[in-house]
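*Asks:* Read in order, the letters of the sequence shown correspond to residues 1 to 39 in full-length UniProt numbering. Glycine included, C-beta positions come from ideal geometry on N, C-alpha and C. The structure under discussion is supplied below as structure tokens; questions concerning it will follow.
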Amino acid sequence: ADMARVNSLRPIAQGIGRQIGKKVTLVHFSNRQDLEVIN
Numbered sequence: 001a002d003m004a005r006v007n008s009l010r011p012i013a014q015g016i017g018r019q020i021g022k023k024v025t026l027v028h029f030s031n032r033q034d035l036e037v038i039n
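Written out as structure tokens, the structure reads:
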């Protein structure tokens, strides 16, 4: 996701964190590994 998308989701993530009383970690995955292709 680009930073604009991250910034748009941040308030939602903060709200969820407050509701469940835990920290929410925003993570960035830079590489993709295909484990299995299921047909």
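1) In whole angstroms, give me the CA-to-CA distance for H28 and M3.
2) Does DSSP put L26 in a helix, a strand or coil?
3) Cutting at 7 Å between CB atoms, please list the residues of its own chain near K23, excluding the five before and the five after it.
4) From the DSSP output, in three-state form, read off Q14 for me.
*Replies:* The relevant details are as follows:
1) Straight-line Cα distance between these residues: approximately 11 Å.
2) In the structure shown, L26 sits in coil (DSSP, three-state: anything other than H, G, I, E or B).
3) Counting only Cβ-Cβ distances below 7 Å, and skipping sequence neighbours, we find G17.
4) The three-state secondary structure of Q14, taken from DSSP, is helix.
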